[in-house]
Amino acid sequence: MDLDLATCLFSGLQTDCLQDKQYICEEGRFTSMNVQKLFAKEVIAFVRCKELRVVPNPFDISDDYFKNIFRLDKWLFQDFLLVLCLRTYYRPELDNNRMPFDLRVLTTLTYLAHGHFGALQHLDAFRGYAESILQRCVPEVCEIIVHFLATDYIVFPSNNEETLGIKHGFNSLYGIPHVVGVMDCFHVRLSKVAATQEQDFKCRHGNLAINVQVVCDNKYRFLNVNPRAPGGSSDIFVWKHSHIYGIMKNLSVTAPAWLVADRGYNLDDILINPYRNPRSLPDFRFNARLEAMLTVLDTATIMLTSRFRCLKTILPYNHQIAANIVTACVTIHNYLLSKNCAIDEHLMSVVPKRKPLPNAMCEDIWTSGHANREYIKKYLYGLY
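Our numbering puts the first residue of the sequence shown at 81, with every later residue one more than the last.
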C-alpha cells in the first residue's frame with residue numbers, strides 16, 4: 081500500500097485524526113500499520129465528501145447480513161474501497177455520477193455475488209435507483225478492477241525465481257516436481273452476441289458463452305485468467321493462443337517447468353496430462369497423482385463460482401463486459417485469499433468428482449512430453 085499517496089488523498093479529511101486520535105482496529109485484518117487502518121475507517125466519508133444530500137449508510141445493517149449480500153465484511157469492504165481509491169487516484173470532486181462511488185462498488189459486488197440486484201431492494205441506501213442505473217454500475221466498476229487491480233492480484237510467474245515457491249508447494253503436497261500450475265477451462269454463458277458472431281460463441285452444448293481459461297497454484301490462488309475466447313473455441317486452441325504459452329516456453333529454457341492439465345489437452349514439453357491408456361502400476365499411480373492435482377483447480381473454480389454466483393447465470397452484457405466481469409471476480413477471489421478470508425461453508429458448493437474417461441486407443445506423440453512423464457514416474461518411485 082502506497083501510504084504517501086494515501087496521505088495525499090486523505091490529508092484534507094484526516095489531518096486532525098492523524099494527530100489527535102487513536103483508532104483501535106482488529107489486529108492483522110489489513111496490515112500492521114495503524115495509518116492504513118485509519119484510512120480504511122475514513123474512506124466512506126472521503127468518497128462522499130461532496131454529497132450535499134443525506135445518503136443512508138449501507139453499514140446500518142448487521143455484520144452477517146452485510147457479508148451475505150456483498151461477500152466482504154464491513155472492514156474488508158472499506159479496505160477494498162481504499163485500494164480502489166488509491167489505485168485510481170480517485171477524486172470525489174471530479175466524479176459526476178449521481179450515485180456515490182462506494183454505492184456503485186457495493187452494487188457491483190451484489191451483482192457478482194448473486195447475479196441480480198434483488199438483495200438491494202430492502203436497503204435504504206439503494207432506494208430510488210432504477211435497475212438500469214444499477215446495471216450500469218457493473219461495467220464501470222469491473223473495468224476499474226480489471227485495469228487497476230487485476231495485475232496486482234493475478235500474477236503468473238515470469239521467471240524461474242518466481243516459480244520456486246509454487247513448485248515447492250506442489251512437490252511437497254503431491255510429490256511431483258517442477259509444476260508451475262494446474263490449468264483448465266470453463267464456460268460462462270451470455271444472453272446474446274452479434275448475429276455474425278453467434279456461431280463462434282456457441283459452445284458444444286449449443287449455448288452462447290465465453291471459454292475461460294484459468295491456471296491456479298496449490299493454494300487455490302489463480303495465477304492467470306483468460307476470458308476472451310469465444311465459447312466455440314476448443315480448450316487446446318485457447319491454450320495455444322494464450323500469452324502464458326509463450327511464458328511457459330521461455331521458463332522451460334533454463335529450468336524444467338510444467339503445467340498440469342486433463343486429457344482434453346495434448347501432451348507437450350511444457351504440459352503434463354494423465355496417460356490416455358495406462359498399462360502398468362506406475363502409469364496408474366502417475367494418473368492418480370495428476371487427478372489429485374486437478375482437484376485443486378476444481379476446488380478453486382467451485383470456490384470462485386460459489387462466491388460469485390453471477391458466473392453460473394446468463395450474463396446480460398456483451399462478451400467484452402462479460403470478460404471483465406470474470407476477471408473482476410477472479411481478482412476479488414485472490415484479494416480475499418491475500419486477506420486470509422475463507423469462503424463461508426454455507427456458500428461452498430460440492431466439488432464434483434471427475435468422471436473417469438475411457439481408455440484411448442493411443443497416446444499423444446510428443447517425445448519430450450513422454451520423457452517428462454517417465455522422469456516423473458521415476459521421481460515418484462525414488463529413482464531420482
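Note that the Cβ used here is the ideal one computed from N, Cα and C, for glycine as well. Remember, predicted model here, so these are calculated numbers, not experimental data.
Neighbourhood of residue i by C-beta, 7 Å cutoff - its chain only, sequence neighbours within 5 removed
| i | result |
| --- | --- |
| K154 | F139, D143, F146 |
| L152 | F160, L189 |
| G312 | Q279, D280, F281, K282, C283 |
| V235 | L303 |
| S332 | D349, I350 |
| P180 | V127, R128, E131, V135 |
| L427 | S386, R387 |
| N137 | A205 |
| E223 | N404 |
Beta-bridge pairing of residue i - partner residues as DSSP gives them
| i | result |
| --- | --- |
| H267 | N291 |
| A309 | N291 |
| N304 | V295 |
| L351 | L339, D348 |
| V50 | There is simply no residue 50 to check, as the chain begins at 81 and stops at 464 in what is shown. |
Same chain only: Cβ atoms within 8 Å of residue i, ignoring 5 sequence neighbours per side
| i | result |
| --- | --- |
| D363 | Y355, K457 |
| F150 | F157, L186, L189, T190, A193 |
| A403 | I290, P307, R308 |
| Y345 | M263, D315, I316, W319, L351, N353 |
| V259 | I246, K247, F250, N251, W338, L339, V340, I352, M373 |
| P459 | It is worth fixing the name first, because residue 459 is Tyr in this sequence and not Pro. So the list reads G255, I256, P257, once near-sequence residues are dropped. |
Start-to-end residues for the alpha helix (DSSP H) that takes in residue i
| i | result |
| --- | --- |
| L339 | Not the alpha helix (DSSP H): L339 falls in the beta strand (DSSP E), residues 338–340. |
| D315 | 315–320 |
| G326 | 323–334 |
| L495 | Not covered by the structure: residue 495. The range shown for the chain is 81 to 464. |
| P219 | 211–228 |
| R184 | 181–194 |
| D280 | 278–281 |
| G255 | First-last for G255: undefined, no H or E at that position. |
| F150 | 143–150 |
Residue i versus the options, residue with shortest Cα-Cα distance
| i | options | result |
| --- | --- | --- |
| T243 | A230, P257, P396 | P257 |
| F126 | N148, L152, I141, Y169 | Y169 |
| Q293 | A380, S448, A205 | A380 |
| D378 | D175, D349, D297 | D297 |
| F160 | F302, N353, Y233, W319 | Y233 |
| P237 | H248, F250, I327 | I327 |
| L183 | V163, R207, G195 | R207 |
| S386 | E425, W338, Q400, V376 | E425 |
| V430 | Q215, A275, I382, Y325 | I382 |
| E371 | R216, D342, P396, S360 | D342 |
| R453 | N414, R369, A422 | R369 |
| K272 | R434, V135, I394, I405 | I394 |
| V376 | C421, K433, V268, I141 | K433 |
| E241 | L164, A335, I324, A210 | A335 |
| V295 | F197, V410, R178, Y415 | V410 |
| S322 | A408, C265, L214, E223 | C265 |
| L361 | Y461, A199, I141, H285 | Y461 |
| P396 | H285, L174, Q215, A230 | Q215 |
| N177 | A199, L203, G198, I213 | I213 |
| T407 | K419, L384, A422 | L384 |
| R389 | A422, H399, R269 | R269 |
Beta-carbon proximity list for residue i, same chain, < 6 Å, skipping 5 on both sides
| i | result |
| --- | --- |
| M373 | Y254, V262, V340 |
| H450 | none |
| S448 | D349 |
| F228 | R167, T168 |
| F366 | K457 |
| I401 | P219 |
| E106 | Per-residue confidence for E106 stands at a pLDDT of 46, beneath the threshold of 50, marking its modelled position as unreliable; the derived number appears in the next sentence. Once the five neighbours on either side are set aside, E106 has no close Cβ partner at all. |
| C217 | R184, T187, T188 |
| L417 | R301 |
| Q201 | none |
| H413 | L384 |
| I225 | A408, T411 |
Any non-hydrogen atom of the ligand ATP within 7 Å of residue i CB
| i | result |
| --- | --- |
| D424 | Looking at this structure, you won't find the ligand ATP or any other ligand, since it has none at all. |
Open item on the list: Just to confirm the assignment: which complete beta strand (DSSP E) runs, minimum length 3, are found wholly within the stretch 383–444?
Closed with: Note on the stretch 383–444: there is no whole beta strand (DSSP E) run with a minimum of 3 residues.
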